[in-house]
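Chains as they are written, first to last, in my numbering: chain A, 7 to 751; chain B, 75 to 336.
Given below as structure tokens:
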């Protein structure tokens, strides 16, 4: 842009011009004082004096005309706009989030208005609009309020590490409810952020209004949740915006697939100064991913009822696996399984073997027998939930009163327990399990018709199925025995595999009623739990046989390592790993990431079913995709899901399923405390040399001025130097003349 | 003559009908049941008390829920089939020759898999002093398991309460109150009996006991049978009766039992 302006001669230093101006001003002051002392006239003296002083000054400074082509470079300003979920909250009270009117008043809307106003207020500035939530900032365009964190610290550190031009100023537009810096961060910590970016951080608060809101602000728990071990929870409750809260009931429930949420603990929160804390203790019986719902009763007038419930996902570990081993008679197979269970220090075994039936005649009084009553009622009613797995080995339900507990045992499986039925002459059909509730949780059907064939006592060698060859559950066994299996002395007659079941071994000649090869070993999911049907009693032959001798008997332990590990959802025996890299927020699309760890066969299809744990309302999601040939994780996009607990079941080809439970929260941590925090933003601005303002006063932000850059410059004297000297001399002469004429010397 | 003929026909009819009555399967076959397999070494062709293992199984089946092979098998120490089952019964009444390297290797494979062996000295003296078999068998077992030595196991060991509550060990000979055992990995893998346990069990084809018990009496024979049943249960259940749910209960019962033996 061409510009023209006047300036002084280039050969004068700045101090000379200053001295000249000072001397001229002093002379002028003396002249004025002199004129004020005169009683009359003197206007001519004053005029000529002023003119002479001006001409003298011009003779010293010799003005020049500068013609230049200049450009203005605006300061680089980075606007960091909060894109976390809390920006979806309303800026002011009234209405519901569901209404369009209220949506137009969200903090996000205010934020966008502020960002637009900033650009207008500083038209010369080079404004870069970024959004921050978690990790490095991203371009703001199109970013909605969906971040599950508001980590300003990470955003600024990432900005400072960028190889691009460092900003002259950073402007943060947020509600102030940040994860980093924290609420009580001291001034040096805040100042450090400014030092990191070497620029002042200006802050603009989108709102100062607190909504009338009660919420579960935080649920703190021990770092590790262990099954059967009481887990303390500290629940922080908040009440803000003038909402009337005194005593609120706090509950902790476990979301379960087999029924409504189970109440684990409750307490009363006595709210004082808008805050309360309640200590609860919950005990989770089942290991694996468990979802707790911690909530309060919504008080009247609560503007954000969505944050009255938090869904906490806990990965519950086992201190030791508790196994109930019940055997109908002592055999070599019972011996082998017991020795394996007892050899594993991580397994806590409670065993009951039937050593004597009513038909046996021990020939001794009860006092001489090492027999104790079989506490079937106590075991299968009181203590059942404390076990992680139940092994029913060659056990007849009827004579020992187990029949009446079969419904409870089935519920135990559906609630997350593990069940293994091991074969023998008293198992499956012969054990009276056909047509019972327990039969419905086994992975195979049982023939309940009168006179149904219970067993085939012809020796046979089980045959591997294709899923059996590829399933990780039998991976350790295959690593030892390969395709070879020992000859079994007989098999229980089992029916077709039930939905959700997978057959790993079949009988080489027998078929089911449908004509399929008869299952010998099958696994399956049922509700929250898993079950295994093994229709043979020759597992001990993996130890004591020609094959066992060749493999040092390791096959038996490897078989049971896999079976019990799969039952306990040990990741080593899962065909795939499923996780949610960005978590799940209600009503927002989410992504599941699937790693197959090389277990899957290339070219197989992936079938994913996502169902709501409480089975209410929401339609299940069904996705089928080819697995592809690469080893890269497979990502499956899920549609927006309503708030609640979900179970994702993944099946690779015809193999066993992998399950991953997860929770979708309405707001998560970002909505837990709905109060804006402008004071934190003000403190950050003060600590870094920036300015703070509310959204309605954006112009109060002092942004850096632009830089002027000249591309071409021409300097031309206004007049030759002698002209200024002659003019000064002439005017001085005129002034001297006037002074003499006026009677001055 | 005609009357006795009728009696014989009647008896045969009864036996035949009894054989026709279907028996409940105690296992898929009897492969998984207790099998008191006779161990043969050197040129040995049978156990010292050849009828004892069958009687052992019979008593086990009658008294307990455990299935057993009523016709036990026998296996030579050098035979690959030695690892086909978890139990071996080695008895004799004379000194055994030194085991060959093949026999030692076979036995080592058997023990490596967790097998259990009962060494029963049929040549024990009436006072319980080990006979030539007992002494030589200990010597040979020491060659098989050179890193392990026998220890004394008494009434506090789980073998004495796996089914019956026993105060001491007894067989055809009352002998010492204890047994000896080589314990490996917490389990008694070799049990030495100096009581001729097989002698108390052996029963001839006529149903008569083959050996008198010393000092004598049916009570001692019954206790010997109970010990044999307990050994079988130990093979099948290992230390099941040592479990926490059993131990206090059984200790209390034993303390209160009026049938206390010295």
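All residues carry an ideal CB built from backbone N, CA and C; glycine is no exception.
- Taken in chain order, the complete alpha helix (DSSP H) segments of 4 or more residues contained in the region 56 to 129 of chain A are 106 to 109 and 113 to 127.
- In this structure residue 207 of chain A touches residue 690 of chain A by the C-beta definition: roughly 6 Å separates them, less than 8 Å.
- Around the beta carbon of residue 368 of chain A, 16 or more other beta carbons sit within 10 angstroms, so the residue counts as buried.
- Scanning its chain for C-beta atoms nearer than 6 Å, with the 5 sequence neighbours on each side dropped, one finds around residue 216 of chain A the residues 246, 247 and 681, in chain order.
- Judged by DSSP in its simplified three-state form, residue 168 of chain A adopts coil rather than helix or strand.
- Within 10 angstroms of the beta-carbon of residue 340 of chain A lie 16 or more other beta-carbons, which makes it buried.
- Among the residues facing chain A, residue 229 of chain B is not included, as its CB has no counterpart in that chain under 8 Å away.
- For a Cβ distance threshold of 8 Å, residue set 549, 550, 554, 555, 558 and 559 of chain A lies close to residue 187 of chain B, ordered along the chain.
- Here DSSP, grouped into helix, strand and coil, assigns residue 590 of chain A to coil.
- The alpha-carbon separation between residue 656 of chain A and residue 182 of chain A amounts to approximately 41 Å.
- Judged by DSSP in its simplified three-state form, residue 179 of chain B adopts helix.
- Between residue 572 of chain A and residue 509 of chain A, the C-beta spacing is not below 8 Å.
- Contact note: residue 137 of chain B reaches chain A through 362, 366, 367, 368 and 369, using a C-beta cutoff of 8 Å and chain order.
- Of all alpha-carbon atoms in A/739, A/202, A/718 and A/735, the one lying nearest the alpha-carbon of residue 73 of chain A is that of A/718.
- The beta carbon of residue 298 of chain B sits no closer than 8 Å to any beta carbon of chain A.
- Judged by beta-carbon spacing, residue 222 of chain A lies beyond the 8 Å limit of residue 235 of chain A, meaning their Cβ atoms are not closer than that value.
- By the neighbour-count criterion, in which 16 or more other beta carbons inside 10 Å mark a residue as buried, residue 342 of chain A falls on the buried side.
- If you check each beta-carbon in the region 155 to 174 of chain B against every beta-carbon of chain A, the ones closer than 7 Å belong to 157, 158, 159 and 160.
- Comparing C-alpha distances from residue 273 of chain A to each of A/254, A/260, A/290 and A/173 shows the shortest one belongs to A/254.
- Counting only unbroken stretches of 3 or more residues, the beta strand (DSSP E) elements lying wholly within the region 97 to 130 of chain B are 112 to 114, in sequence order.
- Legend: CB atoms of the region 340 to 356 of chain A lying less than 9 Å from CB atoms of chain B belong to residues 340, 341, 342, 344, 345, 348, 349, 355 and 356.
- Judged by their CB atoms, residue 273 of chain B and residue 246 of chain B are nearer to each other than the 8 Å cut-off.
- The alpha carbon of residue 262 of chain A has as its nearest neighbour, out of A/430, A/420, A/665 and A/48, the alpha carbon of A/420.
- A Cβ-Cβ separation of about 5 Å places residue 139 of chain B in contact with residue 360 of chain A under the 8 Å criterion.
- Under the Cβ distance rule, residue 319 of chain B counts among the residues neighbouring chain A, one pair being separated by less than 8 Å.
- Going by C-alpha positions, residue 469 of chain A is about 35 Å away from residue 261 of chain B.
- For residue 566 of chain A, not one C-beta of chain B is nearer than 8 Å to its own C-beta.
- With its beta carbon less than 8 Å from one in chain B, residue 373 of chain A belongs to the interface.
- Partner residues in the beta bridge of residue 651 of chain A, as assigned by DSSP, are A/669.
- Looking at the backbone, the Cα of residue 432 of chain A and that of residue 402 of chain A are separated by about 5 Å.
- Residue 255 of chain A: member of the beta strand (DSSP E) spanning 253 to 260, first to last residue.
- In the three-state scheme derived from DSSP, where H, G and I count as helix and E and B as strand, residue 13 of chain A is classed as strand.
- Looking at A/723, A/721, A/731 and A/699, the one whose alpha-carbon comes closest to that of residue 123 of chain A is A/699.
- Against residue 359 of chain A, the close residues of chain B are 311 and 314, in the order they occur along the chain (beta-carbon pairs closer than 7 Å).
- Remark: fewer than three beta-carbon pairs, one from each stretch, lie closer than 8 Å, so the region 453 to 471 of chain A and the region 548 to 567 of chain A are not flagged as touching.
- Assigned with DSSP and collapsed to three states, residue 148 of chain B falls in strand.
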